[in-house]
Amino acid sequence: MQEFITAFRDFFTDNAAQPAVIDPRKSATYTYADIEDLSSRLATVLKETVRPGGTVAFLMHNEVEIVLAYFACMQLQAVAVPINPALHKNEIDYTLSQTAPDVLLTSWALMEKFGPLEVPCITLGDKNEYSIEALRRAERLTPECFEGITGDFLALIMYTSGSTGVPKAIPFPFRRLVESVIAMKEATFFSSYNRFYNVLPMSYIGGIHQLMCYFATGSTYILDEAFSPRSSYRFWDTVLKYKADVIWLTPTMASALLAIGLEDEALKPQISKQVKRAVIAMGGISAEVKQRFEQTFGIRLQKLLGITETLLCCHWNDRLDTPEESVGRPLPGVEIFIMGEDGNALPPGEEGEIRIGGRWVMDGYWNQPQLDAVTFDKDRHFCTGDLGRVDEQGNLFITGRIKDMIKCGGLNVAPAEIEAVICSAAGVKEAAVVGIPDEFYGERIIAFFTRQPGVTVEAEAVLALCRQQLTSQKVPSEMRVREAFPMSAVGKINKRALKDELRQEAGGAA
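As structure tokens, then:
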């Protein structure tokens, strides 16, 4: 592994003049030499406050400064704790209280937004304490160019979004991040000198993981603000302007881009020719949306399975004739098991819980041993809570979620199955199905959906489709139309918030 760290380090000298990060909002380009130099100078600034092996928290938007912060922590071998600025103030305070960082990297604007933060702060970015120009005047850290990096230090503590309860902290030794990058290189998931357009939050595991993967291949990281209704209208213009050939999307982002469409149809051939890989991450996408996206933009969407606790596990591979409905085959070093309720492994074709083993599954949650007891099985395989099956070729198919299972009249009902039927209705954009307590059935099924812009879809028509395609016990007792869904900080439908709304309607009953 040390050989890879050396090779990773060498990219900053061998590709010194190669564009490393592009900021479309500022029309600014930073070479590998710039990133190495500026992160070294930021490390010198941090060294005055951060003790050896100390902790640095980031509360930052998608800007080049967060890239510098990650690499400055690597040079100091300090623990990085990224915090999503889309979180609630209570969640931010919780993270800071749990990790007790030596310093928080943020901006004046975010400090003003969230009020007093009980931790020493350094502000980065334009009109802040340390702008890029101010960093250029700081001293460099020695040894230079990540010379002191080893694989043994704790590099990262990543918090989940907390959409299902108290946020969970996941520690990552630097060795584990590097091993995952090596596996992805072996699987040729990343090719050399890509131009990757990133609009996913840099404060979640995909941010640092993708950053290391693309930097380890000498690629250019086009870092734009996190995807939003405002930024979505310039998405394809930016992709074309900066010649991006790789994009990663969530299902919600794909739906939003579909809703906007292409004002100029002449752009479709350009997009189709330029974008070589489009990845769907952080959730399943309906077959209808996937098909319409591919027809509209001329790009084939590729699925994958990645979990914060296990990093990237499986990916879709056109060279291996991966089935469209699959998330692909495991990466080198990843083991996928399908387990029955009796705890025994199931053969290909049978549905059970997806469990993951391998050399970069986390060792356990940080300071939360009570969670480990329900997270790992006796063989230390990670219990995902997802339902799935594998075929004879080893392709993984995700079919539902155990935690989301609704117990209705003694029958286990998978919301994903109902959501797929709802999303198959013409004009439906997204769907969410939840269960609420019911004295007679145990749980009652409530379904929600949003509509494509300008399309009229009646709830009764969608309910009729469910009656046609589902057994009677799986048909929702209510079908509701929404203008939009409550979303988590990482862009997933927040089913917990939907359940809270239903409880409030029922007078706060549990």
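Add 17 to a position in the sequence shown, counting from 1, and you land on the number used in my numbering.
Ideal Cβ positions, reconstructed from N, Cα and C, are used throughout, including at glycine.
Quantities reported herein were computed from a predicted structural model and do not represent experimental measurements.
Chain-order list of residues whose beta-carbon lies under 7 Å from that of residue i (same chain, five-residue window excluded)
i    : result
I239 : I39, P41, R212, F213, Y214, N215, Y259 and A261
F88  : I52 and S56
R406 : I355, G366, E367, E368, F414 and T416
Y231 : F207, N211, F213 and Y238
V472 : G444
P36  : T46, T48 and T237
Rounded distance between the beta-carbons of residue j and residue i, thought under 8 Å
i    : j    : result
Q92  : A50  : Their Cβ separation, rounded to whole angstroms, is 15 Å, which puts Q92 and A50 out of contact at 8 Å.
H332 : G350 : H332 to G350, Cβ: 13 Å. No contact.
L487 : A442 : Not really, about 13 Å apart at Cβ, beyond 8 Å.
I187 : T325 : 6 Å
A95  : G70  : 7 Å
L127 : L63  : Contact flag wrong, Cβ pair sits at about 18 Å.
K202 : A172 : About 18 Å; that fails the 8 Å criterion.
F310 : A283 : No, F310 and A283 are not in contact; Cβ-Cβ is about 19 Å, not under 8 Å.
F191 : F170 : 5 Å
V256 : I288 : 7 Å
A117 : T66  : Not quite, the Cβ-Cβ distance comes to about 13 Å (not below 8 Å), so this is no contact.
C425 : E370 : With a Cβ gap of about 20 Å, C425 and E370 do not count as contacting.
L519 : I453 : 5 Å
P218 : N79  : 7 Å
Pairwise C-alpha distance: residue j and residue i
i    : j    : result
S236 : L413 : 29 Å
C440 : A151 : 51 Å
Y47  : D143 : 15 Å
I462 : G381 : 34 Å
S343 : G402 : 18 Å
F465 : M504 : 14 Å
R468 : A449 : 12 Å
M175 : D408 : 33 Å
T327 : L275 : 31 Å
F244 : L85  : 21 Å
S220 : Q485 : 43 Å
V479 : M496 : 8 Å
L121 : E129 : 14 Å
G278 : Q312 : 11 Å
D396 : T159 : 43 Å
D27  : P470 : 49 Å
G357 : Q387 : 24 Å
A200 : L321 : 15 Å
V430 : I139 : 50 Å
R153 : R58  : 7 Å
Residues of its chain near residue i, where Cβ-Cβ distance is below 6 Å and the 5 sequence neighbours each way are ignored
i    : result
D8   : Outside the displayed span of the chain (18 to 527) sits residue 8, for which this structure offers no information.
G411 : R346
R193 : W377
V451 : I463, K512, L515 and K516
L329 : G323
K290 : none
M508 : The sequence given here places Gly at residue 508; Met does not occur at that position. Taken in chain order, the residues that qualify are T267 and T269.
Beta bridge counterpart(s) of residue i as assigned by DSSP
i    : result
K424 : N429
I239 : I39 and Y214
P190 : L171
Y250 : According to DSSP, Y250 bridges with nothing at all.
E370 : M356 and L404
L274 : Answer by DSSP bridge pairing: none, since L274 is not bridged.
V498 : F466
D517 : Beta-bridge pairing links D517 to no other residue.
Same chain, Cβ closer than 8 Å to residue i, five either side skipped, listed in chain order
i    : result
Q19  : T167 and G168
E352 : I373, G374, G375 and H398
beta-carbon residue i near the ligand COA non-hydrogen atom, thresh 8 Å
i    : result
I288 : Inclusion of the ligand COA in the displayed structure is not the case, the ligand content being empty and no account of it being possible.
Any chance the region 290-304 sits against the region 432-442, with 3 or more Cβ pairs inside 8 Å?
-> Yes, the region 290-304 touches the region 432-442.
Hey, is the region 103-119 in contact with the region 164-171, meaning 3+ C-beta pairs nearer than 8 Å?
-> No, because fewer than three Cβ pairs between the region 103-119 and the region 164-171 fall closer than 8 Å, the two stretches do not touch.
Would the region 219-236 and the region 244-256 be scored as touching if the rule is three or more Cβ pairs under 8 Å?
-> With the cut-off at 8 Å, the region 219-236 and the region 244-256 do not touch.
Given 8 Å, three or more beta-carbon pairs between the region 107-120 and the region 129-140 | Yes, the region 107-120 is in contact with the region 129-140.
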